[in-house]
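Right, one structure below, let's go through it.
In structure tokens:
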């Protein structure tokens with residue numbers, strides 16, 4: 065699935081990076097966001113795959129990033 069959205073740092077549950085899609089959906093990349101893209105407010109385009117893993121983060125849909133780039 066392809067999305068566009070904004071990188072967002074969430075300062076709870078230990079702190080983590082997520083993506084808020086232009087569709088207002090929240091996505092939590094379970095393997096993280098590359099360090100060079102960890103900038104709050106950065107616009108990105110990504111190819112993601114929803115996953116059903118259990119995480120300690122109770123925020124958004126857990127996803128695997130297949131591709132991500134700044135736009």
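Numbering (our numbering), first residue to last: 65 to 135. Think of the CB as a built atom: it goes at the ideal place given N, C-alpha and C, for glycine as much as any other residue.
Taking residue 84 as reference, the option from 130, 109 and 118 with the minimal CA-CA separation is 109. Sequence-distant Cβ neighbours of residue 126 in its own chain, meaning closer than 6 Å and more than five residues away, are 92, 94, 115, 117 and 119.
Taking all protein chains in view, the Cβ of residue 105 is surrounded by fewer than 16 other Cβ atoms within 10 Å, so the residue is classified as exposed.
Counted as a single uninterrupted DSSP element, the beta strand (DSSP E) harbouring residue 66 occupies residues 66–74. Listed in chain order, the beta strand (DSSP E) runs fully inside the region 73–123 are 80–85, 90–93 and 107–114, counting runs of at least 3 residues.
Between residue 128 and residue 112, the C-beta gap is smaller than 9 Å, which places the two residues in contact. Distance between residue 122 and residue 133, taken at the CA atoms: about 25 Å.
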